[in-house]
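Let me begin by presenting the structure, written as structure tokens, before commenting on it.
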Ligand code: CA
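Residue numbers (my numbering): 2 to 233.
Okay, structure coming up:
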């Protein structure tokens, strides 16, 4: 289990961002350790065993992606990328080489805190078997074992593929799931580039699960990257 005060390692070279995040996160009972360089960050990650790592990509001594890669070679601590690079390819690459989430600067503290909490929840679950079998968010309920979905206590009928897609998002609730992951999990390695199939299935799911499919509350699009199932 995480400590009562989870420790966050922030690897970020900009002093004013560190100061701002330190104040905001410490006021929410997180413990902060900080590094302005990638090399020191890696050392602190090894010596302090943080619960979550916040990692800037533009660091003075090495690329944040290299820090990510080196970290991942020995450590499974959730890593949230904080970056001014808003390009989809950067996000996808970071997620593919092991980042758990990605926030583009500027972001709100509320958003960051929510992502940190999701990351902590997931890291406290050592394996899939410990995931609750019933997922609830707002008026949506998904029973993973019974393959049952209800909205406002009314049963919703989903096709097998729709359920499969929803189940993947439920298992990673609150986290960003890339197109590639979704395609691979649903259609296998041959799923390839069929992102338009995903769009169709997501649209069908939204029509069944969202009050207003044009302004989804649960099935959130992460532009250019994938989807995220909102946790209430
Ligand atoms: Ca920077």
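Beta carbons are placed, not taken as given, at the ideal position from N, Cα and C, and that holds for glycine.
Counted within 10 angstroms of its Cβ, other Cβ atoms place residue 13 as buried (16 or more) or exposed:
By the neighbour-count definition (other C-beta atoms within 10 Å, threshold 16), residue 13 is a buried residue.
Give the DSSP-derived three-state secondary structure of residue 147 in the structure shown.
Residue 147: coil per DSSP, three-state reduction.
Heavy atoms of ligand 1 versus C-beta positions, residues under 7 angstroms:
Result (chain order): 13, 14, 15, 57, 59, 60.
If I'm right that residue 81 touches residue 34 with Cβ under 8 angstroms, what's the distance once you round it to whole angstroms?
Between residue 81 and residue 34 the beta-carbon gap is near 15 angstroms, outside 8 angstroms, which marks them as no contact.
Would you call residue 225 buried or exposed, if buried means 16 or more other Cβ atoms sit within 10 Å of its Cβ?
The residue is exposed, with fewer than 16 neighbouring Cβ atoms inside 10 Å.
Residues near residue 211 in its chain [Cβ-Cβ closer than 8 angstroms; skip 5 each side]
Its chain contains 217, 218, 219, 220 as the residues whose beta carbon lies nearer than 8 angstroms to that of residue 211, once the 5 sequence neighbours on both sides are disregarded; these appear in chain order.
Identity of the residue in 195, 53, 139 nearest residue 122 by Cα:
Of the candidates 195, 53, 139, the residue whose Cα lies closest to the Cα of residue 122 is 53.
With a threshold of 16 other CB atoms inside 10 Å of the CB of residue 174, please say whether the residue is buried or exposed.
By the Cβ-count criterion, residue 174 is buried, with 16 or more other Cβ atoms from all chains shown falling within 10 Å of its own Cβ.
Could you confirm whether any beta carbon from chain B is found closer than 8 angstroms to the beta carbon of residue 206?
Absent from the structure: chain B. Only one protein chain is present.
Is the beta carbon of residue 76 closer than 8 angstroms to that of residue 46?
The answer is yes: Cβ separation under 8 angstroms.
Can you name, in chain order, every residue of its own chain whose Cβ lies under 6 angstroms from the Cβ of residue 142, other than the five neighbours on each side?
Same-chain partners within the cutoff: 151.
If you draw a straight line from the C-alpha of residue 84 to the C-alpha of residue 111, how long is it?
So the two alpha carbons sit approximately 17 angstroms from each other.
6 angstroms Cβ shell around residue 70 - same chain, five flanking residues per side excluded
Closer than 6 angstroms at Cβ, skipping near neighbours: 98.
For residue 31, does the three-state DSSP call read helix, strand or coil?
Residue 31: coil per DSSP, three-state reduction.
Do you know how far the Cα of residue 147 is from the Cα of residue 131?
With a pLDDT of only 45 at residue 131, under the threshold of 50, the placement of this residue in the model should not be trusted; the figure read from the coordinates follows. Rounded to the nearest angstrom, the two C-alpha atoms are 16 angstroms apart.
Residue 161 lies in the alpha helix (DSSP H); which residues open and close that run?
First-last of the alpha helix (DSSP H) with residue 161: 161-172.
In chain order, which continuous runs of the alpha helix (DSSP H) of length 4 or greater are located wholly inside the segment 24-105?
With a minimum length of 4 residues, the continuous alpha helix (DSSP H) runs that stay inside the segment 24-105 are 39-49, 65-73, 89-97.
Cβ of residue 187 within 8 angstroms of Cβ of residue 165?
Yes, they are a contact pair.
Using beta-carbon positions only, say whether residue 183 and residue 227 come within less than 8 angstroms of one another.
Contact: yes.
Buried or exposed for residue 57, going by 16 or more other Cβ atoms inside 10 Å?
Counting of Cβ neighbours within 10 angstroms places residue 57 among the buried residues, the total reaching 16 or more.
Residues near residue 205 by beta carbon distance below 7 angstroms, same chain, minus five either side
Excluding sequence neighbours, residue 205 sits near 163.
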